[in-house]
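Trainee:
Number of protein chains: 2
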Amino acid sequence: MATGPTIRDVAARAGTSTAVVSYVLNDGPRPVAPATRARVLAAVAELGYRRNNLARALRANRSSTLGLVVPDLAKPFFAELTRAVEDAAFTRGFRLLVGSAHFDAERENEQLHALLDARVDAVLLVPSQEPKSAVALLRRAQIPHVLVHRTHPDTVCVAGDDTDAGRQAADHLLGHGHHNIALLGAGAGDDPVSLRARGASAALTDNDRPVPQWAVLGCPFPNLREEAYRATRTLLATRPEITAICATTDEHALGALRAASETGRRVGEDLALVSIDGTELGAYLAPALTAVTAPFDTLGADAVDAVLSSSGVAPAIRQHQFTLTVRRSCGCRS
Amino acid sequence: MATGPTIRDVAARAGTSTAVVSYVLNDGPRPVAPATRARVLAAVAELGYRRNNLARALRANRSSTLGLVVPDLAKPFFAELTRAVEDAAFTRGFRLLVGSAHFDAERENEQLHALLDARVDAVLLVPSQEPKSAVALLRRAQIPHVLVHRTHPDTVCVAGDDTDAGRQAADHLLGHGHHNIALLGAGAGDDPVSLRARGASAALTDNDRPVPQWAVLGCPFPNLREEAYRATRTLLATRPEITAICATTDEHALGALRAASETGRRVGEDLALVSIDGTELGAYLAPALTAVTAPFDTLGADAVDAVLSSSGVAPAIRQHQFTLTVRRSCGCRS
DNA sequence: ATGAAAGCGCTAACAG
DNA sequence: CTGTTAGCGCTTTCAT
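So the protein sequences, as listed, match chains A and B. Mapping of the first sequence onto my numbering: position 88 corresponds to residue 143, and the numbering continues sequentially without gaps. Mapping of the second sequence onto my numbering: position 312 corresponds to residue 367, and the numbering continues sequentially without gaps.
(1) Against R321 (chain A), what residues of chain B qualify as contacts under a CB-to-CB distance less than 8 Å, listed in chain order?
(2) Can you pull the chain B residues whose beta carbon is under 8 Å from the beta carbon of V329 (chain A), in chain order?
(3) Check whether the Cβ atoms of D142 (chain A) and G310 (chain A) sit closer than 8 Å, and answer yes or no.
(4) Using a cut-off of 8 Å between C-beta atoms, extract the partners of D127 (chain A) located in chain B.
(5) Identify the residues that DSSP records as bridge partners of D332 (chain A): which are they?
(6) Since Q374 (chain A) is in the beta strand (DSSP E), which residue starts that stretch and which ends it?
(7) Check whether the segment 356 to 375 of chain A and the segment 206 to 224 of chain A touch, using three or more Cβ-Cβ pairs below 8 Å as the test.
(8) Tell me, please, which residues DSSP counts as bridged to T61 (chain B).
(9) In this structure, how does DSSP classify S155 (chain A) when only helix, strand and coil are distinguished?
(10) Say whether the segment 338 to 354 of chain A touches the segment 71 to 81 of chain B, bearing in mind that this needs 3 or more beta-carbon pairs closer than 8 Å, one atom from each stretch.
(11) Could you please tell me which residues of the segment 277 to 306 of chain A, in chain order, have their CB closer than 8 Å to any CB of chain B?
(12) So if I threshold CB-CB distances at 8 Å, which residues from the segment 91 to 119 of chain A count as touching chain B?
(13) At which residues does the alpha helix (DSSP H) containing G310 (chain B) begin and terminate?
(14) Does D216 (chain B) get closer than 8 Å to chain A when you measure Cβ to Cβ?
(15) If you reduce the DSSP assignment to three classes, tell me which class G230 (chain B) lands in.
(16) Identify, in the order they occur along the chain, each residue of the same chain with its Cβ nearer than 8 Å to the Cβ of V271 (chain B), setting aside the five sequence neighbours on each side.
(17) Which of the three DSSP states, helix, strand or coil, is assigned to T298 (chain B)?
(18) For F145 (chain A), go through chain B and note every residue whose CB falls closer than 9 Å to its CB, in chain order.
(19) For T260 (chain B), return the contacting residues in chain A, with the cut-off set at a CB-CB distance below 9 Å.
(20) Should E402 (chain B) be labelled buried (16 or more other beta-carbon atoms within 10 Å of its own) or exposed?
(21) Can you tell me the Cβ-Cβ gap for L344 (chain A) and S330 (chain A), rounded? I've got them flagged as a contact below 8 Å.
(22) Could you tell me whether the Cβ atoms of T289 (chain A) and A315 (chain A) are closer together than 8 Å?
(23) Look up T378 (chain B) in the DSSP assignment and say whether it is helix, strand or coil.
(24) Who are the Cβ neighbours of L336 (chain A) in its own chain at under 7 Å, not counting the five residues just before and after it?
(25) Are there 16 or more other CB atoms within 10 angstroms of the CB of E163 (chain A), so buried, or fewer, so exposed?
(26) So, helix, strand or coil for L128 (chain B), using DSSP?
(27) What would DSSP say about L123 (chain A), mapped onto helix, strand or coil?
(28) Between the Cα of P275 (chain A) and the Cα atoms of A:Q184, A:D209, A:G254, which residue gives the shortest distance?
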């Protein structure tokens with residue numbers, strides 16, 4: 056790969072010094088006479104000069120590159136989040152280095168180290184597991200970072216209001232008059248699925264419709280679809296009184312949809328389904344999925360903004376609201 | 056961000072020179088005495104030294120970073136391809152910079168320039184449009200590159216055998232005894248959709264089942280799902296003799312599935328559907344999608360391998376085979 | 001087998 | 001307002 060013209064070549068052609076060229080290129084930190092600036096710009100154009108960002112990064116100790124690690128780049132939720140982050144980064148003049156952790160703590164750790172070694176300016180992490188050790192690593196490295204989607208008390212986090220999302224989902228089902236609602240997803244932790252499940256549970260209980268224990272279905276990561284499918288098959292076979300399902304993620308909903316279809320239940324007709332996530336996928340399922348939708352773009356943008364201004368910011372959860380997207384699976388006839 | 060210990064610190068602590076430390080760290084290019092090596096390694100461990108890859112990259116003129124630009128990071132097909140590429144890159148010790156082009160030529164161009172400016176070692180491009188100008192740009196920049204998924208005669212390309220994929224899809228439908236098969240997706244270009252459509256068309260014609268012109272539905276990018284949905288609605292309403300649909304991508308299939316569902320046709324029962332792509336999504340649709348599946352991992356791995364060994368390699372299409380994944384939408388009762 | 005030193009391309013302090 | 005110059009941290013020649 057030919058290295059191309061350097062700032063030196065530009066300076067020579069413009070009959071000035073490298074310092075001035077640098078000032079022009081960066082609009083500072085020193086002023087440059089209009090005439091000189093014009094000559095520099097002309098030289099840049101004529102030579103087709105492009106700055107070597109590696110050198111710039113080394114010198115300035117900032118690379119204009121952000122790092123993002125997600126559990127799985129191909130899962131719709133993370134894919135949409137990644138797109139949002141990339142978009143926000145690009146808009147702000149940053150590049151994005153991505154890594155997939157395969158839902159594996161060890162791999163996540165390696166990805167994080169790869170990013171640190173690459174000297175990214177900041178890292179955004181969508182944790183695959185309980186993020187304690189990852190947060191410790193990031194703190195030790197003294198690198199600006201944010202947790203996205205999943206939180207931890209020791210650092211800055213950008214997340215949806217998962218508890219409220221759970222409530223919204225349950226409330227919608229309640230509004231349809233359902234009495235026997237099952238919950239797909241469960242947990243006692245502070246991960247999104249647990250939070251959503253507890254939020255939904257609370258809404259149900261508040262309305263005198265507490266979910267019996269057998270109707271709360273835990274589905275371990277990362278095989279959400281498959282687990283949800285199995286759980287729903289069993290549920291539908293053993294508990295015919297269930298008329299509605301609240302899925303804590305679109306992945307769960309996908310599994311439930313398949314189970315319902317295979318057992319002859321018509322979702323949107325004799326079985327209501329509301330999901331949480333709201334990935335693009337939902338709009339084209341049959342029936343189209345009613346979902347409590349995460350603000351992907353807002354999450355991505357806020358995560359980038361947070362991490363770029365996070366010099367010494369105190370740990371906090373920057374929380375964003377979900378919005379209900381009504382489609383067909385809940386039984387609404389729009 | 057504290058910069059941490061440098062190679063100089065390590066050298067000092069090990070009582071040797073920076074050159075030797077470098078030799079140890081890189082296993083070459085010069086040999087180092089076992090005792091010295093041990094001292095260096097000890098110093099590295101004690102100081103928690105981590106090499107500054109920015110400096111290394113500047114000096115060595117290679118960044119161990121690959122760049123990937125795709126039309127849309129969040130679309131399942133590209134998301135799975137991205138995961139495969141990231142995986143292959145990671146395995147080979149490379150980092151991955153990604154960019155989403157939003158199916159826009161201008162944005163694709165900017166993303167490409169961003170990668171060049173970042174001094175990536177090579178770029179992998181999944182073109183959003185006819186790649187002529189992108190290829191020209193890459194050639195001019197003299198940077199190793201591959202086109203993935205879509206081809207161009209002037210450069211190295213890694214792609215599936217789309218024509219054959221079209222044939223496979225059509226053949227499977229033919230095997231089910233269908234006479235009136237519609238084709239979702241069309242085109243005269245050498246993009247995957249056109250190739251698949253023509254492959255399917257050819258298979259049908261070869262078997263004396265040529266598709267009437269009205270049964271070939273063009274669906275312009277990037278709104279494949281929506282376009283396919285509309286086209287299928289119309290088709291189903293006006294041509295009841297159609298008993299099978301061959302979708303050229305899973306996106307098309309998603310739209311068709313929804314249209315079928317809304318008009319009361321039961322896919323897998325009174326309407327057969329075969330798709331091409333085979334994203335993970337298909338397994339959990341209702342009914343599960345029979346699809347001619349792209350070898351995502353192979354494509355990703357081969358693309359990375361190709362671009363890493365592409366010093367002076369002649370333009371060529373490295374073609375990979377699709378495999379049929381039989382599920383329910385075609386009417387098979389497994 | 002090892003050390004000293006040059007320099008990758010850039011930015012910014014220092015000196016006019 | 002502009003030129004000269006010292007490095008950023010690393011790899012690698014050139015000496016020993």
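Cβ atoms here follow ideal geometry from the backbone N, Cα and C, with glycine treated the same way.
Mentor: Reading off the structure:
(1) Within 8 Å Cβ-Cβ: nothing; R321 (chain A) doesn't reach chain B, min ~10 Å.
(2) Correct list: empty, because the minimum Cβ distance to chain B is about 17 Å.
(3) no
(4) R138
(5) A:T348
(6) Note, Q374 (chain A): beta strand (DSSP E), 371 to 375.
(7) yes
(8) Bridge partners of T61 (chain B): none, in fact.
(9) In the three-state reduction of the DSSP assignment, S155 (chain A) falls in the strand class, which pools E and B.
(10) no
(11) R280, Y284
(12) R105, R106, N107, N108, L109, A110, A112, L113, N116, S118
(13) 305 to 317
(14) no
(15) helix
(16) A237, L238, A241, A252, S256
(17) coil
(18) G154, S155, R162, E165, Q166, A169
(19) Scanning chain A for C-beta atoms nearer than 9 Å to the C-beta of T260 (chain B) yields nothing, as the closest lies near 31 Å away.
(20) Examination of residue 402 (chain B) is not possible in this model, given that chain B is present from 56 through 389 alone.
(21) With a Cβ gap of about 5 Å, L344 (chain A) and S330 (chain A) count as contacting.
(22) no
(23) strand
(24) P131, D305
(25) buried
(26) coil
(27) strand
(28) Ranking A:Q184, A:D209, A:G254 by Cα distance to P275 (chain A) puts A:Q184 first.
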